[in-house]
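Quick note on our numbering: the sequence shown kicks off at 157 and runs consecutively.
Heads up, the beta-carbon is just placed ideally off N, CA and C, and yes, glycines get one too.
Note sheet for the following structure.
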Amino acid sequence: MPRKVLVLAAATAVAIAALALPYWMGIRVEREVRALVREAGRAGPFRLRIVDYERGWFSSRARIRVTLTPPPGPALALPQFGFDLDERIEHGPYPVAGRRDGVAPVLAVIHSVLIGDAKSGFGTGSGLPAKPLEAVTVVYLSGRSDTDVRMPAWRLTGTGRGVGPLRAAPYGAQRVVWGGLRGRVGWSADFGRVTERFTAPGLEIDGPVAFVRLRDVSLEGHSRRAPSGLMQGEMTLRAASLDAAATGSKRTSLSVTGLDLHSAGAEHDGAMTVRMAMRARTIRAGAIEVGPLIYELRIARLDTDAVVRLQKAMRRLRDQVADPAALRRRFAGQMLAILPDLLRRSPEIVLDLSLRTGAGPVLLRGRVKLPASVTPGPDAWKRLVGDAELRVPTTVLRAVLVTRARSQLLAARGKGAVQRLDPAQIVRVATLMGRQRMQSLKARGLLECDGGECRAVLRYDSGRLTVNGRTLLRAPGAAR
157 MPRKVLVLAA ATAVAIAALA LPYWMGIRVE REVRALVREA GRAGPFRLRI VDYERGWFSS
217 RARIRVTLTP PPGPALALPQ FGFDLDERIE HGPYPVAGRR DGVAPVLAVI HSVLIGDAKS
277 GFGTGSGLPA KPLEAVTVVY LSGRSDTDVR MPAWRLTGTG RGVGPLRAAP YGAQRVVWGG
337 LRGRVGWSAD FGRVTERFTA PGLEIDGPVA FVRLRDVSLE GHSRRAPSGL MQGEMTLRAA
397 SLDAAATGSK RTSLSVTGLD LHSAGAEHDG AMTVRMAMRA RTIRAGAIEV GPLIYELRIA
457 RLDTDAVVRL QKAMRRLRDQ VADPAALRRR FAGQMLAILP DLLRRSPEIV LDLSLRTGAG
517 PVLLRGRVKL PASVTPGPDA WKRLVGDAEL RVPTTVLRAV LVTRARSQLL AARGKGAVQR
577 LDPAQIVRVA TLMGRQRMQS LKARGLLECD GGECRAVLRY DSGRLTVNGR TLLRAPGAAR
């Protein structure tokens with residue numbers, strides 16, 4: 157009798173566990189999914205929100221609303237753009253997921269598919285594939301997760317304001333060729349570390365005004381949560397080539413090869429440093445080819461607490477304000493309010509640029525120091541301190557001045573101000589104007605040329621600007 161009781165009790169316990177375990181796994185997985193969505197929407201222009209969650213016995217379903225709010229800026233006034241992700245969540249208990257080194261039980265496997273409507277431009281009739289984006293997220297028992305993302309290749313053609321999701325662009329896109337995308341994003345269990353890598357064969361956009369083509373694009377980054385709560389790390393975008401031309405033109409007006417864009421951020425003792433860099437192997441504009449180009453901008457000693465406040469204000473405005481113009485105005489107001497705290501550590505801005513030309517290198521270095529006492533106002537510029545140095549080959553500078561003069565003459569002829577100059581005469585007049593302007597710069601001491609190189613050194617301190625030792629500007633009350 158006791159043996160039968162024990163067997164019955166054990167069978168009952170197993171049955172209860174078998175029935176309860178999937179439900180418990182579903183509860184835990186829902187908590188992980190909500191945390192993952194919350195962390196994914198903390199930074200950047202994307203806002204993620206779970207609009208529907210249906211917990212099942214062995215699997216659950218969810219719908220996530222993704223809204224893209226363009227960052228504040230005067231360049232493009234793009235509207236908000238959104239779409240939904242349909243989530244099928246397998247949580248077992250302990251579903252088995254494939255790995256590179258075999259199979260292993262995991263906490264959950266999440267299958268995500270982008271679904272659209274007529275408003276987003278991804279719906280039926282858009283010309284896009286039925287599943288323009290798919291992702292599989294594996295949540296491991298330790299809590300960490302990996303997401304594999306895939307986008308198929310597609311081609312769109314159209315007329316009018318544009319096609320598909322790009323129809324909201326200011327000029328519209330008449331033809332878009334997307335080569336597809338593959339990538340992986342990894343999250344640590346506490347969401348304190350993120351790694352990501354994406355590759356895409358290329359993108360072509362042909363609109364009424366311009367044609368742009370990117371080839372062999374990759375994005376790679378890693379970040380970690382700093383003591384302030386901000387995610388700090390590095391991000392690198394690479395493209396084998398970038399070509400641009402006016403629509404209908406048979407010749408590429410701009411071609412860049414070996415393009416690298418790099419950004420990094422780090423904090424130490426309550427101060428934050430941001431670095432942005434660009435490298436290009438060659439740059440060809442028309443018949444002129446230069447390169448390599450190396451450009452770097454570094455901003456040091458920003459107050460970390462102020463940056464955190466600014467990020468929170470931006471996230472709050474992004475959730476509250478839908479109109480891009482209103483968002484820019486509100487963000488500008490927040491920026492001015494936080495600016496004194498942002499500059500309390502006297503941050504420094506350093507710019508370095510080098511460009512190799514056939515006549516020699518072009519070098520530019522600049523530095524600006526922002527005193528902690530600088531506050532927004534008409535006299536704020538008087539308290540800045542900075543210097544800059546430019547070195548450029550004489551032939552390159554002369555060619556730039558001649559090209560500028562030629563562009564001005566062509567514009568004047570288009571307006572009817574210059575009517576009797578043929579193309580050959582415009583070239584001769586532009587050459588003369590370029591030489592005269594260069595002589596004027598030398599005579600005023602703004603240029604010092606020697607040995608095939610021209611040099612200009614600028615210094616600014618408390619309202620006094622000097623160029624090559626000559627005072628060019630002095631604010632009222634500034635020291636002589």
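Glu188 and Ile450 have their alpha carbons spaced roughly 43 angstroms apart.
In this structure the segment 337–356 lies against the segment 374–388, because at least three pairs of beta carbons, one per stretch, are closer than 8 angstroms. Here the alpha carbon of Ala493 sits roughly 10 angstroms from the alpha carbon of Leu466. When DSSP states are grouped into helix, strand and coil, Ser409 belongs to the coil group. For Val623, the uninterrupted beta strand (DSSP E) run begins and ends at Arg620 to Val623, by DSSP. Under the criterion of beta carbons closer than 8 angstroms, Thr513 and Glu609 do not qualify as touching, at roughly 12 angstroms. In the three-state scheme derived from DSSP, where H, G and I count as helix and E and B as strand, Arg472 is classed as helix. Around the C-beta of Asp606, fewer than 16 other C-beta atoms lie within 10 Å, and the residue is accordingly described as exposed.
Short of 6 angstroms from the beta carbon of Met434, and not among the five residues preceding or following it, lie these beta carbons of its own chain, in chain order: Leu417 and Tyr451.
In this model, Ile220 and Leu557 are separated by some 55 angstroms (Cα to Cα). Looking at the backbone, the Cα of Gly197 and that of Leu204 are separated by about 5 angstroms. For a cut-off of 8 angstroms, the C-beta gap from Arg457 to Arg501 is around 4 angstroms, short enough to register as a contact.
Following the DSSP letters along the chain, one finds Ser397 inside the beta strand (DSSP E) bounded by residues Met387 to Ala402. Under the three-state reduction of DSSP output, Gly335 falls in the coil class, being neither helix nor strand. Straight-line measurement puts the Cα of Gln581 at about 13 angstroms from the Cα of Ser563. According to the DSSP secondary-structure assignment, Ile505 is paired through a beta bridge with Ile455 and Val524. In terms of Cα proximity to Ala286, the closest of Thr293, Val269, Ala441 and Ala356 is Val269.
Annotation for Leu565: no beta strand (DSSP E) segment contains it, though the alpha helix (DSSP H) segment containing it runs Thr550 to Gly570. The alpha-carbon of Ala291 is positioned some 5 angstroms away from that of Asp304.
If you look at Val583, you'll find it in the alpha helix (DSSP H) that goes Pro579 to Ala599. Counting C-beta atoms within 10 angstroms of its own C-beta, Pro383 has fewer than 16 neighbours from the protein chains shown and is therefore classed as exposed. Sixteen is the threshold: since fewer than 16 other Cβ atoms of the shown chains lie within 10 Å of the Cβ of Leu629, the residue is exposed.
A straight-line Cα-Cα distance of about 14 angstroms links Leu588 and Leu597. Counting every other CB atom within 10 Å of its CB across the protein chains shown gives Ile444 a total below 16, marking it as exposed.
Looking at Asp362, Val477, Met594 and Ser298, the one whose alpha-carbon comes closest to that of Leu312 is Asp362. Phe202 is bridged by DSSP to Leu224.
Buried is the label assigned to Lys525, since at least 16 other Cβ atoms lie within 10 Å of its Cβ.
According to the DSSP secondary-structure assignment, Ala356 is paired through a beta bridge with Val373. The straight-line gap separating the alpha-carbon atoms of Val373 and Arg331 is approximately 19 angstroms. A Cβ-Cβ contact shorter than 9 angstroms links Arg217 with Asp242. Annotation: Ser510 to Val548 spans about 10 angstroms, alpha carbon to alpha carbon.
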